[in-house]
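For the sequence shown, this note's numbering assigns the number 370 to the initial residue and increments by one for each residue that follows.
For every residue, glycine included, the Cβ atom is placed at its ideal position computed from N, Cα and C.
Owing to the predicted nature of the structure, the values given are computational and were not obtained by experimental measurement.
One structure is given here, and the rest of the page talks about it.
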Amino acid sequence: MLENRKYIIIGVFCLVGLIYLSRLFYLQILDDSYSLESSNNSIKRVIEIPYRGQIYDRNGKLIVYNTPVYDLYVTPKQVRIPDTAAFCRMMEMTRPEFDSIMQFAKDYSYVKPSLFMRQLSKEDFARIQDALVDYRGFEPRMSSMRTYPAHTLANALGYVSEISKKKLENQEFPYYRQGDYVGHNGLEEQYEEELRGKRGVKFVMQNVRGVAKGSFKNGLYDTTAVAGKNLYTGIDVDVQRYADSLMQNRIGAVLAVEPATGEILVSVSAPTYDPNLLSSRHFSKNYVKLLRDPYKPLINRPIMASYRPGSTFKLIQALIAQQQGSLFTNTFYGHSGSPMRCHCRGGNNLRGAVQNSCNPYFYNVFRKYIYHNNNPNTFKASAIGLHEWHEATVKFGIGQKLGVDLPSELKGNLPDVDTYDHVYGGENRWKFSNIYSLSIGEGELLISPLKLVNLAATIANRGWYIPPHYVKGFGRVGQGVPQQYLEKHQTDIDYKYYLPVIEGMRMAVVAGTVNKMADIQGIDLCGKTGTSQNAKFGHKYDHSIFIGFAPMNNPKIAIAVFVEYGGWGGSAAGPVAALIAERYLKRKTEAVKLDEHVKKQNLMPPLSMLPGYKGPKQPPHFRKPDTIRKDTARKAQKPMMASSVNNEQRTANNQQSPAGGGQ
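What follows is the structure, encoded as structure tokens:
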């Protein structure tokens, strides 16, 4: 028995020995991986960065492409510079700049390479290539630089720059390295994973001097870099550049979408800048200059600016009131009994009220909605009515993020019962007289241009919308579009209730509040003007708003225009919208006089009028549109204290301008 156990134990030891010997044979004879790791002195692992995906407009025109450049990396431990002054002259940099970069590289790692100089052109690299042999520790790497041939869409596209330390440390899955480029803001950030591609690895043999001697084992272990996917957008770059020209000498935003798909056709944030400024070796200098510009060109106003919608909000009031049953097409209201004054002579039905933007009419519509089937003499009735109003309004995408495919979208503010309970210190302490400014788009309402172009598209579709978005496809048009941009959102307003509102919008352009030249033949533009209050200057320089769509039947384009300090909505914003609609539908501009009228206006305010300006007071002196009318609605109730708006919305509002309402 003991003899058998002895043989078993010996057998186990022999088996273990055979296993170890087999493993040792495999590692030393068959497997090259450890040999590869131990050959760092002669074999170099080179990361191949793929070309970033290009960006196209809806017609296949290039908006962004890649230009080959070189990045120069430095490994501090290997650096040997015989003559630092000569090296600095060759690199066209000062000694302090050299010392600063080298210190940063040493702080990062003494033995790992870090970025020394980026985006050297082919010509610059050719000039220094031979001389670099005399300076050990410096290694050139092929890279690419984003180039913007259209010179437009800076805020929507974003930019590509070196990854920040914070982002590098907070990676969920390690991918980026120190010195890598990554998309920041705009579409470059939103679709970073699709655009960046997949890295490759190449193993190169080199001698003790670092001179390459060919690939290791004929590239057996190499992997090929895979270029990023090309992004196709819904942008019409020709119309986009035309819209840019119309918004020169103005502060504001323009957004246009295709109602049937939600694809964004035009996206203007004014003032803007050439995106090529943030795609060069001088990125830091140019970025700081743009950051300090008091007109804030880095703010993407279409999604980040918050304004009071003014009279454009009357369209929602008309639709939800009809659905509730408190408003009919032939409902007639005069001016008597309203605390709001108006520019029209009074006495309108629904179509006429939309056409003439009658403030007393919509005061009565809102009052009837709030007190519908409830006792108007109680505080509770106001709360019940406002809750119903909030539930109906939110279905238009107001007071929430629509989910546009850009980072930094703000949700705005749609007040509810809790808002006023908080402001007035509890329930049953406020009533209709405290909230009636909401009837004409004033008070605590804050809306971005994105929300209002979505409203225009919703009305154009007679009751539904697809969230506005830039993407049209990856690789090929129509492929890879996120599911959320294919789904319709219903407003639960019957189709029939949109018809009188649309007729009133058409009448507003033909013979209403819009500049008569904006009724361009063959466009059939339907629109609604708005004037957002600017209380800082006694309502003298309010913000101009227009939303609309064209043509009236089977609409192809919906549009929203904001012009800060532009005055009356039908004068500054309306003509811009009409010209953009004409250019998109006709592919040319026939309204030459209107084009000249818009382009000769200079609505840029002096610095003293900008939010946060602390210099000496200066009287406004810039030229105003010739057709501005007095907005008598500005004597409506003043908006309540700012504490009713949350920090996110208040910050966005302060960044842009104090907004208010009207026509």
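| Asked | Found |
| --- | --- |
| What's the call for T436, buried or exposed, on a 16-neighbour Cβ count within 10 Å? | exposed |
| Once the 5 residues before and after G566 are set aside, which same chain residues still bring their CB inside 6 angstroms of it? | P419, V595, A596 and G597 |
| On the CB-based measure, 16 or more other CB atoms within 10 Å of its CB, does H791 come out buried or exposed? | exposed |
| When the Cβ atoms of the region 614-633 are set against those of the region 878-894, are three or more pairs found closer than 8 angstroms? | no |
| What whole-angstrom Cβ distance do L972 and A941 have, given they're in contact under 8 angstroms? | 6 angstroms |
| By Cβ distance, which residues of its chain are closer than 7 angstroms to P666, with the 5 residues on each side in sequence left out? | P640, T641, Y642 and L659 |
| Quick one: what's got a C-beta closer than 6 angstroms to V701's C-beta in the same chain, skipping five residues either side? | Position check: residue 701 holds Phe in this sequence, whereas Val was assumed. Around F701: N718. |
| Determine, using beta carbons only, whether G938 and T898 come nearer to each other than 8 angstroms. | yes |
| Thinking just about the alpha-carbon of each residue, which of K955, V932 and D964 is nearest to the one in S638? | V932 |
| For the alpha helix (DSSP H) holding I754, just list the boundary residues, first then last. | Going by the sequence as given, residue 754 is Gly instead of Ile. Counting along the chain, the alpha helix (DSSP H) containing G754 begins and ends at F748 to T762. |
| Where does N435 sit, in a helix, a strand or coil, going by DSSP? | strand |
| Roughly how many whole angstroms lie between the Cα atoms of K780 and A829? | 23 angstroms |
| Rounded to the nearest angstrom, what separates D476 and L431 at their Cα positions? | 40 angstroms |
| Express the C-alpha separation of E813 and S345 in angstroms, rounding to a whole number. | In the structure as shown, the chain begins at 370 and stops at 1032. Residue 345 is therefore absent and cannot be evaluated. |
| Is it true that the region 726-735 meets the region 676-688, where meeting means three or more beta-carbon pairs spaced less than 8 angstroms apart? | yes |
| To the nearest angstrom, how far is it from the Cα of Y953 to the Cα of D499? | 53 angstroms |
| Of all the options Y864, G842, I835 and V870, which has the alpha carbon lying nearest to the alpha carbon of H858? | I835 |
| Straight-line CA distance for S705 to R714? | 11 angstroms |
| According to the Cβ coordinates, are Q559 and P776 closer than 8 angstroms? | yes |
| To the nearest angstrom, how far is it from the Cα of Y528 to the Cα of L556? | 9 angstroms |
| When the Cα atoms are used, what is the spatial distance from G716 to G703? | 4 angstroms |
| Less than 8 angstroms between the C-beta atoms of Y864 and Q692, yes or no? | no |
| Q609 lies in the beta strand (DSSP E); which residues open and close that run? | Element bounds for Q609: not the beta strand (DSSP E) but the alpha helix (DSSP H), V606 to L615. |
| Going by DSSP, name the residue or residues bridged to H858. | Y834 |
| Between R510, H553, P509 and L522, which has its C-alpha nearest S530's C-alpha? | H553 |
| The alpha helix (DSSP H) with F652 in it runs from where to where? | F652 to R661 |
| Enumerated in chain order, which unbroken segments of the beta strand (DSSP E) with a length of 3 residues or greater are wholly contained in the region 490-571? | 507-516, 528-531 and 550-553 |
| Which term fits Y439, buried or exposed, when burial requires 16 or more other beta carbons within 10 angstroms of its beta carbon? | buried |
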